[in-house]
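Chains as they are written, first to last, in this note's numbering: chain A, 941 to 1256; chain B, 30 to 344; chain C, 71 to 379; chain D, 29 to 312.
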Amino acid sequence: MLLTVDGLRVSYHTDEGIVRAVDGVTFSLDRRETLAVVGESGSGKSTLALSVMGLLPKTARVEGSIRFLDRELTTMREEELRRLRGDRMTIVFQEPMTALNPVFTIGRFMRDIYLTHREGSEEEALSLAREWLSKVKVPGPDKVLNSYPHELSGGMRQRVLIASSLMLEPDLVIMDEPTSALDVSVQAQILRLIAELKSQVEASFIFITHNLGVAAAVGDRVAVMYAGRMVEVASKEEIFSDPMHPYTKGLLRAVPKVSGGEVEPIPGSVPSLVNPPSGCRFHPRCPLADERCSEEEPELRKVRPGHWVACHKVSG
Amino acid sequence: MLLVVEDLVKHYVSGGFLRRKEVVRAVDGVSFSLNAGETLGLVGESGSGKTTVGKTVLRLVEPTSGRILFDGRDVTAVRDLSPLRKEMQIVYQDPMSSMNPRMRIADIVGRPLQIHGLVSSRRERDERVRYLLERVGLSGDHLYRYPHEFSGGQRQRIAIARALAPDPKFIVLDEPTSALDVSVQAQILKLLRSLQEERGIAYLFISHDLAVVRNISHRVAVMYAGKLVEMADVDEIFSDPMHPYTKGLLASVLEPSPDAEAPEEVLPGEPPDPRNPPEGCRFHSRCPLADERCSEEEPELRKVRPGHWVACHKV
Amino acid sequence: MSDLARYVIRRIILAIPTLLGVSVIVFLMIHMLPGDPAQLLAPPEATIQEVEMIRRRLGLDKPLWEQYLIFMGNALKGEFGKSLFTGHTVSELLWPAYLNTLTLSVLAMGFGLVIGVLMGIYAALRPNTVRDQAVTSLSLFGISMPVFWLGLILIEIFSVWLRLLPSGGSGTPRHLILPSLTLGLVGAAYVGRATRASMLEVLSQEYVRTARAYGLPERLVIYVYALRNALIPVVTVAGLIFGYMMAGAVLTETVFSFPGLGRLIVNAIFARDYPIVQAGILVVATTFVAINTAVDILYAFINPRIRLG
Amino acid sequence: MLMELDPSTRRTLRKALRNRNIRVGGAIVAAFVLMGLLAPFIAPYDPTKGNLRESLLPPCSKYPFGTDFAGRDVLSRVIWGARTSLIVSTVSVFIAVIAGVLVGGLSAYVGGWIDEVVTRIVDVMLSFPDILLALFVAAIVGPGLENVIVAVALYNFPQFVRIMRGSALQVKEMEYVEAARAIGESNASIFARYLLPNSLAPIVVHATLRTAASILTAAGLSFLGLGVQPPIPEWGQMMSDARTYLVTAPHVWIFPGVALFITVLGFNLLGDGLNDVLNPKMEV
């Protein structure tokens, strides 16, 4: 296993109370595997990404274990963690507009990444950067190296970030909604690019998205999160052909499709993470919920080989 | 015809004194019409001008040229917009930023009633607001709360209640569900449809999301770089798209299905800079079918079948 | 023309109407004063004939716009007429005093910038800790401190008790220490506040998180990636503070009997030596506009985005 | 209905009361205001009458702050000085706020060439940095209490125009202003119901901070002899008088300086606190 997350809990103290952003998440990731993590706002998917990267704000409280390359990340010294970041594990954020420093050129940024983690000259850094910009199909890599972020389009900036995160051939790449800020046509290009790159590099991917279609297009396995918990994990084929958790089922019925058909909303809204519902967090919106659901928190358990569900109402 | 838009143009001119002069051709000759009780879905990527069309129709943005007829009246010519404001409304993408944070719900939803003289007392206003809130699925007790005390979906319901208040015939819905979670989006779509059935309101539904447009529209118009490229009935445009851009867009959409894969790259490049759109057909730089003519001559939007309009030399 | 060149030229041209406005106001000063300008510009004991002569000599009988053009023409040549009482030309008095004030302000500014930026960064890196609060309180004290009172305290400490430095006067570098320290401390307080606020803002930006996400060393993240952005607004504040120092020097110069422009202006106000007052105020305001224009141009070099604006 | 506060106002109020800057600053300002208001009752002596035989006495039991060169009680003069500073700063800031909010707000809302002209005029006024504009005005109208108020108000005015204009321009671009037009609100109503209430937070903060700065400016003018004239007691003027006895009688300039410093500090603390509460930034 490349990455094993076990019983991860992340909470923050705020004026309103304790926010339990991630509340007991367990999963693992193989080499060269892509896990798509799907969830609505407040499901904790981005917090999960940041906690693996060790990028949570200092005020966050982290419990549980994150093992990466057989080393425990939660107790690792910041300096050691820093050496892993950008080298062995990288992350691509959602907003390519604000993720790049406005006063430095692309070349400067990519050079700094290289020189931070590798012994080498500036020329080597820039030639590797140029090579990777070509691999992500940036037209005119030399010109882009000398450009400032505001001179590039959103799609180009996202390609630059992808090149930056793959340049040092990491073991793990986390993509946090990398296409959500892009137009449909550009999103398609980026997803195609990622699919092609996946076959060229050794890395594993965690792909975070709120878009079920995107998850289906990129994931080998899909994990569905709700209110800080993982409610269902299965292979892409199973989760979309045979969803078992009522939330996954509801989500699939609620999303409109270009092929047409009616949508069926899930009643209610996403719960607050300050004071989440007792028992199963989905029970107030769940058509199957009974008394037990409001009292006892369901464990994520294996109902079939490779198919895990956290629901009292699913047997198997 | 409730609404007829003819050759609508909106150019933004910026620059001036020692600043580079720039003309942004946000909307460049758009024509369409809308029947009472009908929903026209207006689809396009960012910078296509779809939002500008919506706002120009309401004259929240002054058109550069063109004609807008609403219910037989020339919207572009009237001096006093007040009577039109009562009949045409708008719902924005982000309900939080479209509400005055220092107003209570009673005022936000009640102002249109007061402005247009539809209520005579505060009590009557509150009664009406209470009714409207309940109609959009909120508790009437929320009257004296502020917008920030609600969730995104609830806020969008409040925005819909505000638009509904003066009992309009027409509402521009500008990406009304884009900021919402999937599970809540479906609720809002359902609400919008039931309101339309109940009151016969016409919608101009602006969205970048083809699946959402398919769900709610009767007819669909596709915009690209300030122009309409295709317009047809909803089923026809999704089953038989004719413009290469529409085809590309449809192929780019991802469906949550077990055999889904990353789409083939059908639309290379990015939408053009509206300050400097390509000559000829604006789509030719990204079009797989483009030939010389496409780069020189701008195609007209023409009827290729009853109710199906396409602007392409190759169709 | 490049965007940058265009921006620089536009910024310089935009300063012109401001300077014209300033010159009109300063020019009109004589006419805003209660009484007859010629009378005001004449020595108190002058006869009616003498006043009339002065009126003609100074062109006060001509239309206002013509007088303004003459005033401006002379001002552009650096000529502001003669002092009413001392017999010197205004330029003879003005430029040495200006140079003194400039020296004082530049020293104070240098001091204020270094201390202020360091304080600001120090505080911003440990927000809401005791050390941050100490620095924040210190800068709050600084901006609440009457500059003339601070000057008196420093005199009491360094001149009266410790007998280290002169309490006033000019001539040697030692005379500059206390006045520039006084001004510089207040400047440091303003710069420190601006730096802290700006640095905190920048540290919360996504690109800082990105830099950390790629494992860049904290020192690089803070002192290069963040600081470069954080200093952009500080540059603006620094321009304003420099103006504050030029003008605020009035009080400091009075406390330390330092022969600068401020003291020249104040003494001229008391003596009703209006040509000096006019010239002095015009020079300070012009310097201020020039500095702010320079700052805006500098801005465009630090921040590649501004050039488009 | 009117008496009960809505939840968001109550929350802001609760936040304000928990804010240390507001508590400390507010207490100082309150003490200063009380001192100014109650000066006739709490000052032990007449601030203007002195006994030349008791000139320049160091602090003692009879005169806790000592006496000045004219034998006047420094404590009483410090207390009465609060009244002078209070009048000058609040009146001048009040005038500047009202004028600045109207001019800046309308300029931003109307836009076009009017806005262009207003901006140029403000630029010109702001080209006289800091105390210089006040000095210029004082040179023309001469010293005296009313003239200091005019000078300081004139020096504050362009700042409020600029802040209000900036704030209003920002608000003007907000979607809710467009939404207000969409429901048919009139221009006057948009200005009064949408633009003004949402632009005021920075004005409130700035008015507090400018009060602090104005106290300093007024004291500075008086220190130069161009401000409030004797016999009206004023802190800056007291310090100016004391410069002659810098070494022999430091109590004459130390105490008014302390009063001035603490008062200004109080307003600055209050302003910072209000800024924390009214313009919350993201927490790091």
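Glycine included, each C-beta is placed from N, C-alpha and C at the ideal position. None of these values were measured; they are calculated from a predicted model.
| Check | Outcome |
| --- | --- |
| Residue of B:A231, B:A208, B:Y175 minimising C-alpha distance to B:L31 | B:A231 |
| Span of the alpha helix (DSSP H) around A:D1082 | 1081 to 1085 |
| Per-residue contacts from B:K79 into chain D (C-beta, under 8 Å) | Simply none; closest approach about 16 Å. |
| Buried/exposed call for C:E136, threshold 16 Cβ in 10 Å | exposed |
| Where the beta strand (DSSP E) containing B:L69 begins and where it ends | 68 to 72 |
| DSSP state of A:E1117 mapped onto helix, strand, coil | coil |
| Chain-order list of residues whose beta-carbon lies under 6 Å from that of D:Y222 (same chain, five-residue window excluded) | V205, A208 |
| Supposed contact pair A:F1049 and A:N1041 - C-beta distance, whole angstroms, cut 8 Å | 7 Å |
| Beta carbon proximity, A:P1245 to chain B, threshold 8 Å | no |
| Spatial distance of A:V959 from C:P197 (CA atoms) | 21 Å |
| Minimum Cβ-Cβ distance from D:E82 to chain B less than 8 Å | no |
| Contact with chain A by C:P197, beta-carbon distance below 8 Å | no |
| Simplified DSSP assignment, three categories, for B:H342 | coil |
| Residues from the region 1082 to 1116 of chain A in contact with chain C, defined by Cβ distance under 7 Å | Y1088, H1090, S1104 |
| Coil, strand or helix - B:G146 by DSSP | coil |
| 6 Å Cβ shell around B:M128 - same chain, five flanking residues per side excluded | I137, P176 |
| Rounded straight-line distance, which links the Cα of B:T105 to that of B:F99 | 10 Å |
| Straight-line Cα distance separating A:M1107 from A:E1071 | 9 Å |
| Cβ-based neighbour list, A:I1179, same chain, cut-off 6 Å, excluding 5 preceding and 5 following | V1162 |
| C:D73 - containing alpha helix (DSSP H), residue span | 73 to 102 |
| Every unbroken alpha helix (DSSP H) inside the region 1135 to 1162 of chain A [4 residues or more] | 1152 to 1158 |
| Chain-order list of residues whose beta-carbon lies under 8 Å from that of A:L1055 (same chain, five-residue window excluded) | E1062, A1065 |
| Residues bridged to A:Y952 [DSSP beta-bridge criterion] | A:V959 |
| Span of the beta strand (DSSP E) around D:G132 | Run containing D:G132: none in the beta strand (DSSP E); it sits in the alpha helix (DSSP H), 102 to 138. |
| Among A:V1203, A:G1201, A:E1177, A:E1231, nearest to B:P287 - alpha-carbon criterion | A:E1177 |
| Within 8 Å, strictly: CB atoms of C:A319 and C:T171 | yes |
| Sequence-distant residues of its chain with Cβ nearer than 8 Å to A:E1142 (five each side left out) | R971, R972, E1109, D1111 |
| Beta-carbon neighbours of C:E226, restricted to chain D and to distances below 7 Å | P278 |
| Whole-Å CB distance - B:P328 paired with B:H342, under 8 Å assumed | 5 Å |
| Residue-level contact to chain C via CB, A:L995, 8 Å cutoff | yes |
| Bridge-paired residues (DSSP) for A:I1031 | A:I1114 |
| CB contact below 8 Å: A:Q1140 versus chain B | no |
| Proximity of D:N307 and D:A229 at Cβ, strictly below 8 Å | yes |
| C:S214 at chain D interface by Cβ criterion, 8 Å | yes |
| Selection from A:V965, A:L943, A:T944, A:M941 that minimises the alpha carbon distance to A:S951 | A:V965 |
| Cutoff 8 Å: C:G379 Cβ touching any chain D Cβ | At C:G379 the pLDDT is 46, less than 50, meaning the model places this residue with poor confidence; the figure from the coordinates comes in the next sentence. So, not an interface residue. |
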